[in-house]
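>
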Amino acid sequence: MAKTAPYAGVIVDLRLAAVDRIYQYRIPENLQPIEAGQRVLVPFGRRKLEGYVVELTSELMIEEAKLRDIIRPLDPKPIILPSLLELAQWLSLHYVGLLSEALQFMLPPGYRYGRERVGAKRQQVVTLKIQDPKLSPRATAQKRVVEILKEKPEILAADLVEQAAAGHGTLRALEKKGIVSIENRRLERKISWDTIADPTLELTWEQKRALDSIEAEMAGKKRPVLLHGVT
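Residue numbering for the sequence shown follows this note's numbering, beginning at 124 and increasing consecutively.
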């Protein structure tokens, strides 16, 4: 595995001027290589936040005692090109103000969002904690849930209640007994370029007339065409 610079400069995804600066994090060896332009999950105060790697450095810029590790990358490869990282910094200086906000304009289609991410969704995940719990003979729904979890130790709560023909109350009862755990997670949904459809555009009457005129000119001798007021 290729080894990158040991430190990454990260912009955390918070729209607050007070924290809109580059924070240095250590790249653990098991996460290398991480590249500029990738999104990463980082510890920030008591929270875990999404951030953008905007630079890689070999020099430690802060006290080592304050240095924290990147938790994990959120993308297998960079999603923002180096030239666009530079453009985002230029925009933040001249127009937008916040670098975290300017970086939003550099994201590929399908990654752009307001505060709610297009590619991520919070869902409940159920995990089996006790393999062979002692359940009442009458707790048939709970038994069905456990049997499914033995095959799939971790599953979305919505899928589990559907497959087990049970209710969320059944899951909560099992959680209360310590048999399962229920955790809210933000799950990344993979978005392919094929799923991002271009909108169907319909020309206005003026635009259609202009297009017809241009096509007629192009069918004959090709010459410059002046467009005015048809946008």
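The beta carbon of each residue, even a glycine, is placed where N, CA and C say it ideally should be.
Quick one: give me the first and last residue of the beta strand (DSSP E) that PRO205 is part of.
On the sequence shown, residue 205 is found 82 positions in, with the first residue counted as 1. Careful: PRO205 lies outside any beta strand (DSSP E), inside the alpha helix (DSSP H) at 205–217.
> Assuming GLN247 and ALA287 make a contact with CB atoms under 8 Å, what is their CB distance in whole Å?
Indexing the sequence shown from 1 puts residue 247 at position 124. Indexing the sequence shown from 1 puts residue 287 at position 164. Incorrect: roughly 14 Å between the Cβ atoms, too far for contact.
> Please report the straight-line C-alpha distance between LYS252 and LYS171, rounded to a whole angstrom.
Walking along the sequence shown from the start, residue 252 turns up at place 129. Walking along the sequence shown from the start, residue 171 turns up at place 48. Roughly 25 Å separates the two Cα atoms.
> Tell me, which residues are paired with ASP192 by DSSP?
Here residue 192 refers to the residue found at position 69 when the sequence shown is read from its first residue. Partner(s): ARG149.
> Would THR293 be called buried (16 or more neighbouring beta carbons within 10 Å of its own) or exposed?
Looking up residue 293 in the sequence shown gives position 170. Classification of THR293: buried, given that the 10 Å Cβ count is 16 or more.
> According to the Cβ coordinates, are GLY174 and VAL133 closer than 7 Å?
Mapped onto the sequence shown, residue 174 falls at position 51. Mapped onto the sequence shown, residue 133 falls at position 10. Result yes, Cβ atoms of GLY174 and VAL133 sit closer than 7 Å.
> Please say whether VAL303 and ILE278 have beta carbons closer to each other than 7 Å?
Translated into the one-based positions of the sequence shown, residue 278 becomes position 155. Translated into the one-based positions of the sequence shown, residue 303 becomes position 180. No, these two residues do not count as a Cβ contact at 7 Å.
> What's the call for GLU271, buried or exposed, on a 16-neighbour Cβ count within 10 Å?
Counted from its first residue, the sequence shown places residue 271 at position 148. This sequence places Ile at residue 271; Glu is not what is there. Its Cβ being crowded by 16 or more others within 10 Å, ILE271 is buried.
> Measuring alpha carbon to alpha carbon, tell me which of LYS189, GLN330 and GLN161 ends up nearest MET229.
Position 106 of the sequence shown, counted from the first residue, corresponds to residue 229. Checked all of LYS189, GLN330 and GLN161; the closest Cα to MET229 is GLN161.
> Is the beta carbon of TYR148 closer than 7 Å to that of VAL165?
Working through the sequence shown from its first residue, we reach residue 165 at position 42. Working through the sequence shown from its first residue, we reach residue 148 at position 25. Closer than 7 Å, so yes.
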